[in-house]
Every structure is written in C-alpha cells, then in structure tokens.
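Asker: In our numbering, the protein residues as written are 3 to 317.
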C-alpha cells in the first residue's frame, strides 16, 4: 500500500505550511524545479550524542519525506546512552539509514566533516538529532536549488519547540542580499535546516577548532563567494536549547566567528549596499509569528513522533 502523506490530502495540510505569506516560487517554475530535483539524491548529515529521547522521531521524520531518494548519515559522537541501539534498529527497518562514528567524542565539526566525506548524494542537508522535518522539507528545498536561482545553500523558516510546545514561526530573510544585511551579527539561517550542493560542502569544511557556532563561522567564511537563500515556509520543528550555559557559549563563539571574518563581511556588505538598503526595511525577521491551535497541535505531533498528522484527524 502506498504511504499516505499529509500533502496528498491537500486543503488543511497545505494551509498549515503555505500560510498566506506568499509562495516561494511561481507554480509553473515550481513544478519544473520539483521534477528536476526529484532525480537528485540527498545525503542528510545527523551527528548525535546521547540523543535517545529524540533521535527516533528525528530519523522517522526523514524516512517519511516525500523525497524518497535519500540517505541519512547518523554519526555517533561517543554516545553513552541507547542512541546507537535505536539508530541500529531503524537502520534494519530502512537501509537508507547509515551508521557512522564511534565511541570517541570528537566534536560536532569533526563529525560533520566525516559525514561530508561519506555522503554519496548530489545534495547534502543538515539536521539535528532533536529536531523533526516536515514531510515536504527536502523536496521543497531541493526544488529551490533546482529553480535556476544560482543558489549554493537554502534554508527555511522553522517552528520553535520548547518544553514540548510549538511557540511560533521564526522566519529569516529570503534572498542573499537581505540575508547578508545583518551579517555583522551573524548570518540569519537555521543551521539544522540547511541544504546545499555536495560540492559546496566539500569545498567548505567545518572548522574543527570551534566548540560551537561552527555554522556561523562556515557561513561567514563562504559568503563572499556563495549565494544563500531561505524559504518562507516553516519546514522544521526546531527544539530550542534551554541550557543557558550552552546558549551563552554559542553567543561567544558566534562573536568570535564574526570578528574573524569582519573584514570580508564589511567588504561584502559595502558591495551589496544598494540591494541591502532596499530590502532591510521590508524584510525584518524579529521575534516569532504566532501559530493557530491547529498548527500548534500539528507541529507538536511532528516534534514528538516524527510524523505529520493526518488532516482527517485534525477535523
């Protein structure tokens, strides 16, 4: 029996994602891009460490993607709980899950580079072991890369999850100039929701000396010779860290990354000043946009189980 997806039901499921905020591309162009991108294999990099409470839902959300040609590289960074056992069990169910890593704790950047080396797809995507992907996430992002916009990397809006509750939508600037308008304080893209061309990742390795904010350092370093974009649709249930010490360390490392590349960032912002000036006032992305009760329930279910709810159960 063919697997039913929320998308096949139309109506409610589409409304929960495309919410009166404008579409990401014209319908005709979107159909053509979707046809092209469906032929591309996607490698999803998911390093994990002691993630037994969430990793099964994270993996299931990827295995239930509408884009079927994918591999999930689950990379163990020295887990001491049952995470590895859970991944192994899912790998037996679906051979698209591949286990990498070992008992050593080498750090996130080293494990991401390990995944890049092992990836066999034309496209590479990121996701954390405590997040969950909307079933259309990979197909929508792959179509955006295939749309002819000359993008190297595409992100998307996310729904912030805290203590099991869906708090709201965090959106980011859409085009490269608008994204780089605020690069002096960090690149506004959600790292666990990135997708890009495999050759881009192979040419831009993660800095293994930074304990946190590796994504910001990479995005800033690569920005002068790359093009970024963000989809307006929320495509990831993002579990926001609650550990204040970890958040403080991330902010510190982000400042280090910005300082390291401030010369290149300043030059790039200067070269984009006309585009930036015309976009900054139109495209601020501050705070969270509210969700309806139905949307909150759908995203809670996705974060908890890795499954997007059947629209029939929402009526």
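Glycine residues also receive a C-beta, built at the ideal position from the N, C-alpha and C atoms.
Just the C-alpha distance for residue 182 and residue 115, rounded to the nearest angstrom, thanks.
Answerer: Position 180 of the chain shown, counted from the start, is the residue given in the question as residue 182. Position 113 of the chain shown, counted from the start, is the residue given in the question as residue 115. Pairing residue 182 with residue 115, the inter-Cα distance amounts to about 25 Å.
Asker: Would residue 305 pass as a contact of residue 225 if the rule is Cβ separation under 8 Å?
Answerer: Counting from 1 along the chain shown, the entry for residue 305 is found at position 303. Counting from 1 along the chain shown, the entry for residue 225 is found at position 223. Against a cut-off of 8 Å, the Cβ pair of residue 225 and residue 305 comes out as no contact.
Asker: Any idea if residue 303 is buried or exposed, counting beta-carbon neighbours within 10 angstroms, 16 or more meaning buried?
Answerer: Numbered from 1 along the chain shown, position 301 holds the residue referred to as residue 303. Residue burial annotation: residue 303 is buried, with at least 16 other C-beta atoms found within 10 angstroms of its C-beta.
Asker: Mapping the DSSP letters down to three states, classify residue 220 as helix, strand or coil.
Answerer: Counting from 1 along the chain shown, the entry for residue 220 is found at position 218. Correct three-state label for residue 220: helix.
Asker: State the start and end residues of the unbroken beta strand (DSSP E) segment that holds residue 160.
Answerer: As a position in the chain shown, residue 160 is number 158, starting the count at 1. Unbroken beta strand (DSSP E) run through residue 160: 155-164.
Asker: Quick one: Cα of residue 81 to Cα of residue 265, how far?
Answerer: Here residue 81 refers to the residue found at position 79 when the chain shown is read from its first residue. Here residue 265 refers to the residue found at position 263 when the chain shown is read from its first residue. Cα-Cα distance, rounded: 39 Å.
Asker: Applying the criterion that 16 or more other CB atoms from any shown protein chain within 10 Å of the CB defines a buried residue, is residue 193 buried or exposed?
Answerer: In the chain shown, the residue the question calls residue 193 occupies position 191. That one is buried.
Asker: Work out the CA separation of residue 122 and residue 221 for me, nearest whole Å.
Answerer: To locate residue 221, count along the chain shown from 1; it is residue 219. To locate residue 122, count along the chain shown from 1; it is residue 120. Cα to Cα, residue 221 sits roughly 22 Å from residue 122.
Asker: Starting from residue 145, trace the alpha helix (DSSP H) both ways and give me its first and last residue.
Answerer: Numbered from its first residue, the chain shown carries residue 145 at position 143. Residue 145 -> alpha helix (DSSP H) spans 139-147.
Asker: Smallest Cα separation from residue 200: which of 56, 156, 138?
Answerer: The residue given as residue 200 occupies position 198 in the chain shown. Measuring from the Cα of residue 200, the nearest candidate turns out to be 156.
Asker: Based on the DSSP secondary-structure assignment, which residues constitute the bridge partners of residue 48?
Answerer: One-based indexing of the chain shown puts residue 48 at position 46. Note: residue 48 sits in a beta bridge opposite 76.
Asker: Cβ of residue 65 within 8 Å of Cβ of residue 98?
Answerer: Taking the first residue of the chain shown as 1, we reach residue 65 at position 63. Taking the first residue of the chain shown as 1, we reach residue 98 at position 96. Cβ atoms of residue 65 and residue 98: closer than 8 Å.
Asker: Are the CB atoms of residue 39 and residue 147 within a distance shorter than 8 Å?
Answerer: The residue you call residue 147 lines up with position 145 of the chain shown. The residue you call residue 39 lines up with position 37 of the chain shown. For residue 147 and residue 39, yes; Cβs fall inside 8 Å.
Asker: DSSP three-state label for residue 285, please.
Answerer: Here residue 285 corresponds to residue number 283 of the chain shown, with the count starting at 1. Reliability of the predicted coordinates at residue 285 is poor, the pLDDT of 38 falling under 50, and no value is obtained from them.
Asker: Is residue 302 helix, strand or coil by DSSP?
Answerer: Within the chain shown, numbered from 1, the residue matching residue 302 stands at position 300. Here residue 302 sits in helix by DSSP.
Asker: Going by beta-carbon coordinates alone, are residue 190 and residue 203 separated by less than 8 Å?
Answerer: Along the chain shown, read from residue 1 onward, the residue named residue 190 stands at position 188. Along the chain shown, read from residue 1 onward, the residue named residue 203 stands at position 201. Not closer than 8 Å, so no.
Asker: Are residue 59 and residue 308 close, meaning C-beta to C-beta below 8 Å?
Answerer: The residue you call residue 59 lines up with position 57 of the chain shown. The residue you call residue 308 lines up with position 306 of the chain shown. Yes. Within cutoff.
Asker: Under 8 Å, Cβ to Cβ, is there at least one residue of chain D near residue 169?
Answerer: No chain D is part of this structure, which consists of one protein chain only.
Asker: I believe residue 129 touches residue 135 by the beta-carbon criterion, under 8 Å. Please report the beta-carbon distance rounded to the nearest angstrom.
Answerer: By 1-based counting over the chain shown, the position of residue 129 is 127. By 1-based counting over the chain shown, the position of residue 135 is 133. The pair is a contact, with the Cβ atoms about 6 Å apart (cut-off 8 Å).
Asker: Rounded to a whole number of angstroms, what is the C-alpha to C-alpha distance between residue 54 and residue 169?
Answerer: By one-based count along the chain shown, residue 54 stands at place 52. By one-based count along the chain shown, residue 169 stands at place 167. Distance between the alpha carbons of residue 54 and residue 169: 23 Å.
Asker: To the nearest angstrom, how far is the alpha carbon of residue 229 from that of residue 293?
Answerer: To locate residue 229, count along the chain shown from 1; it is residue 227. To locate residue 293, count along the chain shown from 1; it is residue 291. Cα to Cα, residue 229 sits roughly 30 Å from residue 293.
Asker: What are the residues that DSSP puts in a beta bridge with residue 232?
Answerer: Locating residue 232 in the chain shown gives position 230, where the first residue counts as 1. DSSP, once it has assigned bridges, lists 157 as partnering residue 232.
Asker: Let's see if you can read the secondary structure: which residues bound the alpha helix (DSSP H) around residue 114?
Answerer: The sequence position of residue 114 within the chain shown is 112, counting from 1. Unbroken alpha helix (DSSP H) run through residue 114: 110-120.
Asker: Have a look at residue 96 and residue 74 and give me their C-alpha separation to the nearest angstrom.
Answerer: Taking the chain shown and counting its residues from 1, one reaches residue 96 at position 94. Taking the chain shown and counting its residues from 1, one reaches residue 74 at position 72. Residue 96 and residue 74: Cα-Cα distance of roughly 10 Å.
Asker: Between residue 68 and residue 212, what straight-line distance do the alpha-carbon atoms span, to the nearest angstrom?
Answerer: For the purposes of this step, residue 68 is taken as the residue at position 66 of the chain shown. For the purposes of this step, residue 212 is taken as the residue at position 210 of the chain shown. Approximately 35 Å between the Cα atoms of the pair.
Asker: Give the straight-line distance between the Cα atoms of residue 214 and residue 48, rounded to the nearest whole angstrom.
Answerer: Within the chain shown, numbered from 1, the residue matching residue 214 stands at position 212. Within the chain shown, numbered from 1, the residue matching residue 48 stands at position 46. Approximately 16 Å between the Cα atoms of the pair.
Asker: Can you tell me whether residue 103 is buried or exposed? The criterion is at least 16 other CB atoms within 10 Å of its CB, across all chains shown.
Answerer: Translated into positions along the chain shown, residue 103 becomes position 101. With 16 or more Cβ atoms within 10 Å of its Cβ, residue 103 is classed as buried.
Asker: Check each candidate in 152, 262, 217, 171 and name the one with the smallest Cα separation from residue 161.
Answerer: Translated into the one-based positions of the chain shown, residue 161 becomes position 159. Cα-wise, what sits closest to residue 161 is 171.
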